[in-house]
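Engineer: Supplied in structure tokens, the structure appears directly below.
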Amino acid sequence: MNVPLLDLKAQYAGLREETQKVLNEILESQYFIGGPYVAKLEEAVAQYSGTAEAVGVSSGTDALLAALMALGVYRSPLDMGPVDEVIIPTYTFFATAGCVWRAGARPVFADIDPDTYNIDVDSLESKITPQTKAIIPVHLYGQCADMEKVSAIAKKHGLAVIEDGAQAIGASRNGVKVGNFGNCAGLSFFPSKNLGGLGDGGMIVTNDSTLAQKLREIRNHGMEPKYYHKHVGGNFRLDAMQAAGISVKLPHLDKWGEMRRRNASVYDAGFGDVEEIKRPVIKNGNRSIYNQYVISVPNRDALMAHLKEKGIGCEIYYPLPLHMQECFAKLGYRKGDFPRAEYAAEHTLALPIYPELTREQLDYVIAEVKNGLVKGA
Numbered sequence: 406m407n408v409p410l411l412d413l414k415a416q417y418a419g420l421r422e423e424t425q426k427v428l429n430e431i432l433e434s435q436y437f438i439g440g441p442y443v444a445k446l447e448e449a450v451a452q453y454s455g456t457a458e459a460v461g462v463s464s465g466t467d468a469l470l471a472a473l474m475a476l477g478v479y480r481s482p483l484d485m486g487p488v489d490e491v492i493i494p495t496y497t498f499f500a501t502a503g504c505v506w507r508a509g510a511r512p513v514f515a516d517i518d519p520d521t522y523n524i525d526v527d528s529l530e531s532k533i534t535p536q537t538k539a540i541i542p543v544h545l546y547g548q549c550a551d552m553e554k555v556s557a558i559a560k561k562h563g564l565a566v567i568e569d570g571a572q573a574i575g576a577s578r579n580g581v582k583v584g585n586f587g588n589c590a591g592l593s594f595f596p597s598k599n600l601g602g603l604g605d606g607g608m609i610v611t612n613d614s615t616l617a618q619k620l621r622e623i624r625n626h627g628m629e630p631k632y633y634h635k636h637v638g639g640n641f642r643l644d645a646m647q648a649a650g651i652s653v654k655l656p657h658l659d660k661w662g663e664m665r666r667r668n669a670s671v672y673d674a675g676f677g678d679v680e681e682i683k684r685p686v687i688k689n690g691n692r693s694i695y696n697q698y699v700i701s702v703p704n705r706d707a708l709m710a711h712l713k714e715k716g717i718g719c720e721i722y723y724p725l726p727l728h729m730q731e732c733f734a735k736l737g738y739r740k741g742d743f744p745r746a747e748y749a750a751e752h753t754l755a756l757p758i759y760p761e762l763t764r765e766q767l768d769y770v771i772a773e774v775k776n777g778l779v780k781g782a
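Under the numbering used here, the first residue of the sequence shown carries the number 406, and numbering increases by one thereafter.
This is the structure we're talking about:
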């Protein structure tokens, strides 16, 4: 049996006619930058997220970079003052650290909670210095970080909070959705996300209308009005084709989330009797959207080889923590600095969790994970 890590064709099959209709409308209009489809999606995402504003951008990465720039974490070529610092988890996708670096700031890494893989909030205060300007907690794998503690620490020290919600649109904590905890949140519509576009795309959601207006200017080279530049921004615009495709999918997002949670519950039950498998731990009050279903096992690499041999898609998120990446060597971190993140990098594996999985496919994955653990023991 073949079970891919993700099957976008299965999702597209039910949306083909509506998707092609809106794309044809845009082709006929020849209006590709901005316009009604972008405005419509921004309004819909803000309503879905429960935020006052949403600003469409070109990717989840650019959402973080634009947010840093709008919140003043940006070192211009003329600035000779102290370098700003931003606290981030070392175990996440590269963009979180890359955007801090590109903004001219210093990423300050933190270890993770061993259960959720989100940032270790208990270590945050020890990392704050006079140069600290912001914290970027990542809602990894579709589960919210401990935002009550993050927000309390940020408020105490006067820091901005940018939620990295690239994997977590629709996730909530104690009934509050991603985007309502910090100054703003960056979302990603990369095709593999639970709400994926037709290519790259992103969104910034916020309850600060002044910040939203500045973000709209920054995404268009800091320009307002035309050819007059208040800020140095970038070309971070969301194009109309992406907005139209995502608008077709958004009404189905909650249904897909329920299907992902259903699949996760099947896995949880199937792996419940296997001591070697650490299943995802969802903290009380959290509602995960399971952008990934990640297990931790002693013999990860052997298990991955076995699953691929059996036609089962799987993936390592992430094989090398950020503090050990070559490009950040000058920051002075070393192997052993963040043992929880390093352990996760060596032992975790993501299994197929997409909504359209059949029970037969889920049972096959469960059986072969168990077989692979025995084989690799």
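All C-beta atoms in this analysis are idealised placements derived from N, C-alpha and C, irrespective of residue type, glycine included.
Going by beta carbon distance, what residues of the same chain come within less than 6 Å of H562, once the five residues before and after it are set aside?
Structural biologist: The count along the sequence shown starts at 1 and reaches residue 562 at position 157. Closer than 6 Å at the Cβ level, and outside the excluded window around H562, lie I533.
Engineer: Excluding the 5 residues preceding and the 5 following N625 in the sequence, name in chain order all residues of the same chain whose CB lies nearer than 8 Å to its CB.
Structural biologist: By 1-based counting over the sequence shown, the position of residue 625 is 220. So the list reads G638, N640, F641, R642, once near-sequence residues are dropped.
Engineer: If you follow the alpha helix (DSSP H) that R666 is part of, which residue opens it and which one closes it?
Structural biologist: The residue labelled residue 666 in the question sits at position 261 within the sequence shown. 658-676 is the span of the alpha helix (DSSP H), which, as asked, contains R666.
Engineer: If I follow the unbroken beta strand (DSSP E) through A472, where does it start and stop?
Structural biologist: Within the sequence shown, numbered from 1, the residue matching residue 472 stands at position 67. Careful: A472 lies outside any beta strand (DSSP E), inside the alpha helix (DSSP H) at 465-475.
Engineer: Restricting to runs no shorter than 3 residues, where is the beta strand (DSSP E) found entirely within the region 441-465?
Structural biologist: DSSP runs (the beta strand (DSSP E)) wholly in the region 441-465: 458-462.
Engineer: Are the beta-carbon atoms of E681 and L778 separated by less than 8 Å?
Structural biologist: For the purposes of this step, residue 681 is taken as the residue at position 276 of the sequence shown. For the purposes of this step, residue 778 is taken as the residue at position 373 of the sequence shown. Contact flag set, yes.
Engineer: Between the Cα of D551 and those of D520, V513, S531, K538, spot the shortest distance and give me the residue it belongs to.
Structural biologist: Looking up residue 551 in the sequence shown gives position 146. Taking only the C-alpha atoms, the option nearest D551 is D520.
Engineer: Mind pulling the alpha helix (DSSP H) runs of 4 or more residues that sit fully within the region 633-658?
Structural biologist: Those alpha helix (DSSP H) runs which fall completely within the region 633-658 and span 4+ residues are 645-654.
Engineer: Apart from the five residues just before and just after P482, which ones in its own chain have a Cβ nearer than 6 Å to its Cβ?
Structural biologist: Here the question's residue 482 lines up with position 77 in the sequence shown. Closer than 6 Å at the Cβ level, and outside the excluded window around P482, lies no residue.
Engineer: So who's on the other strand from L592, going by DSSP bridges?
Structural biologist: Indexing the sequence shown from 1 puts residue 592 at position 187. BP columns for L592 point to M608.
Engineer: Among residues of its own chain, excluding the 5 on either side of Y759, which ones have a beta-carbon nearer than 7 Å to its beta-carbon?
Structural biologist: Numbered from 1 along the sequence shown, position 354 holds the residue referred to as residue 759. Cβ within range, chain order: L411, D412.
Engineer: Can you tell me the Cα-Cα spacing of Y723 and N585, whole angstroms?
Structural biologist: Start at 1 with the first residue of the sequence shown, and residue 723 comes out as number 318. Start at 1 with the first residue of the sequence shown, and residue 585 comes out as number 180. If I take the Cα positions, the gap works out to 27 Å.
Engineer: Drop a sphere of 10 angstroms on the beta-carbon of T466, count the other beta-carbons inside from all chains shown, and report buried for 16 or more, exposed for fewer.
Structural biologist: Translated into positions along the sequence shown, residue 466 becomes position 61. Buried is the call here.
Engineer: Output the distance between the C-alpha atoms of G662 and N599, rounded to the nearest integer angstrom.
Structural biologist: Residue mapping note: residue 662 aligns to position 257 of the sequence shown, counting from 1. Residue mapping note: residue 599 aligns to position 194 of the sequence shown, counting from 1. Approximately 8 Å, taken between the alpha carbons.
Engineer: Would you identify the three-state DSSP class for A565, choosing helix, strand or coil?
Structural biologist: Taking the sequence shown and counting its residues from 1, the one referred to as residue 565 is at position 160. Three-state result, A565: strand.
Engineer: With a 10 Å radius around its C-beta and 16 neighbouring C-beta atoms as the bar for buried, classify E458 as buried or exposed.
Structural biologist: Here the question's residue 458 lines up with position 53 in the sequence shown. Buried, by the Cβ-count rule.
Engineer: Go ahead and pull the three-state DSSP assignment for V779.
Structural biologist: Here residue 779 corresponds to residue number 374 of the sequence shown, with the count starting at 1. If DSSP states are grouped into helix, strand and coil, V779 belongs with the helices.
Engineer: Quick one: any contact between the region 498-506 and the region 611-627, if contact means 3 or more CB pairs under 8 Å?
Structural biologist: Taking 8 Å as the limit for Cβ pairs, the verdict is that the region 611-627 does not touch the region 498-506.
Engineer: Could you check where the beta strand (DSSP E) with S701 kicks off and where it finishes?
Structural biologist: As a first step, residue 701 is located in the sequence shown; it is residue number 296 there, counting from the start. First-last of the beta strand (DSSP E) with S701: 698-701.
Engineer: Is it the case that the Cβ atoms of T537 and I492 are separated by a distance below 8 Å?
Structural biologist: Taking the first residue of the sequence shown as 1, we reach residue 537 at position 132. Taking the first residue of the sequence shown as 1, we reach residue 492 at position 87. Closer than 8 Å, so yes.
Engineer: Count the CB pairs spanning the region 566-577 and the region 542-551 that are closer than 8 Å, and state whether there are at least three.
Structural biologist: In short, these stretches touch, since the Cβ pair count reaches three.
Engineer: Mapping DSSP to helix, strand and coil, what is M628?
Structural biologist: Here residue 628 refers to the residue found at position 223 when the sequence shown is read from its first residue. It is a strand residue.
Engineer: What is the DSSP secondary structure of I771, reduced to helix, strand or coil?
Structural biologist: To locate residue 771, count along the sequence shown from 1; it is residue 366. In the structure shown, I771 sits in a helix (DSSP, three-state: H, G or I).
Engineer: If you measure between the beta carbons of L473 and I567, is that distance less than 8 Å?
Structural biologist: Start at 1 with the first residue of the sequence shown, and residue 473 comes out as number 68. Start at 1 with the first residue of the sequence shown, and residue 567 comes out as number 162. Taking 8 Å as the Cβ cut-off, L473 and I567 qualify as a contacting pair.
Engineer: Go to T424, then tell me how far its alpha helix (DSSP H) extends in each direction, as first and last residue.
Structural biologist: As a working note, residue 424 is residue 19 in the sequence shown. Looking at the DSSP string, the run of the alpha helix (DSSP H) that includes T424 is 421-434.
Engineer: From the DSSP output, read off the bridge partner residues of I785.
Structural biologist: Any property of residue 785 remains undetermined from this structure, which presents the chain solely from 406 to 782.
Engineer: Between the region 708-718 and the region 502-511, do three or more beta carbon pairs fall short of 8 Å?
Structural biologist: They do not touch, by the three-pair rule.
Engineer: Across the region 663-683 and the region 740-749, are there enough close Cβ pairs to call them in contact, namely three or more that are closer than 8 Å?
Structural biologist: At 8 Å Cβ cutoff, the stretches do not touch.
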